[in-house]
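Worksheet for the structure shown next.
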């Protein structure tokens, strides 16, 4: 009998703001060790402890979560490893 365990890794991207204050959310759950190992390099490449402080200008704001890690970034700072992670989650969840 197959038993689906709790996810080993949950990666969530929430985009809010923009014109009309729309909210979108995408999520990936890695339930197997192989799936988790495929996602960890993308998660680990992001500078979770080095996110910008202060207010966010008009436009989209991204909230990124990977298990206990969290970061909030204005759209113009979603680049490099952050962009790679966002694009992978959106692509997988769509």
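Numbering (my numbering), first residue to last: 214 to 307. Glycine included, C-beta positions come from ideal geometry on N, C-alpha and C. What you are looking at is a predicted structure, and each value in this text was computed from that prediction instead of being measured.
By the three-class DSSP mapping on this structure, what secondary structure does residue i have?
| i | result |
| --- | --- |
| residue 279 | strand |
| residue 287 | strand |
| residue 239 | strand |
| residue 221 | coil |
Between which residues of its own chain and residue i is the CB-CB distance below 6 Å, once the five residues before and five after are set aside?
| i | result |
| --- | --- |
| residue 275 | 228, 286, 291 |
| residue 225 | 240, 278 |
| residue 288 | 272, 273 |
| residue 238 | 227 |
Is it right to say residue i is buried, meaning 16 or more other beta carbons lie within 10 angstroms of its own, or is it exposed?
| i | result |
| --- | --- |
| residue 283 | exposed |
| residue 235 | exposed |
| residue 258 | exposed |
| residue 279 | buried |
Here's a check: name, in chain order, each residue in its chain whose Cβ is nearer than 8 Å to the Cβ of residue i, leaving out the five neighbours to either side.
| i | result |
| --- | --- |
| residue 221 | 243, 244, 245, 246, 248, 249 |
| residue 294 | 255, 258, 259, 260 |
| residue 223 | 240, 241, 242, 243, 278, 279, 280 |
| residue 297 | 255, 258 |
Counting only C-beta atoms, is residue i closer than 8 Å to chain B at any point?
| i | result |
| --- | --- |
| residue 283 | Here chain B cannot be found, since the structure has a single protein chain. |
DSSP has residue i in a bridge; who is on the other side?
| i | result |
| --- | --- |
| residue 274 | 229, 287 |
Below 7 Å CB to CB, which residues in the same chain sit around residue i once its five sequence neighbours on both sides are set aside?
| i | result |
| --- | --- |
| residue 230 | 272, 273, 274 |
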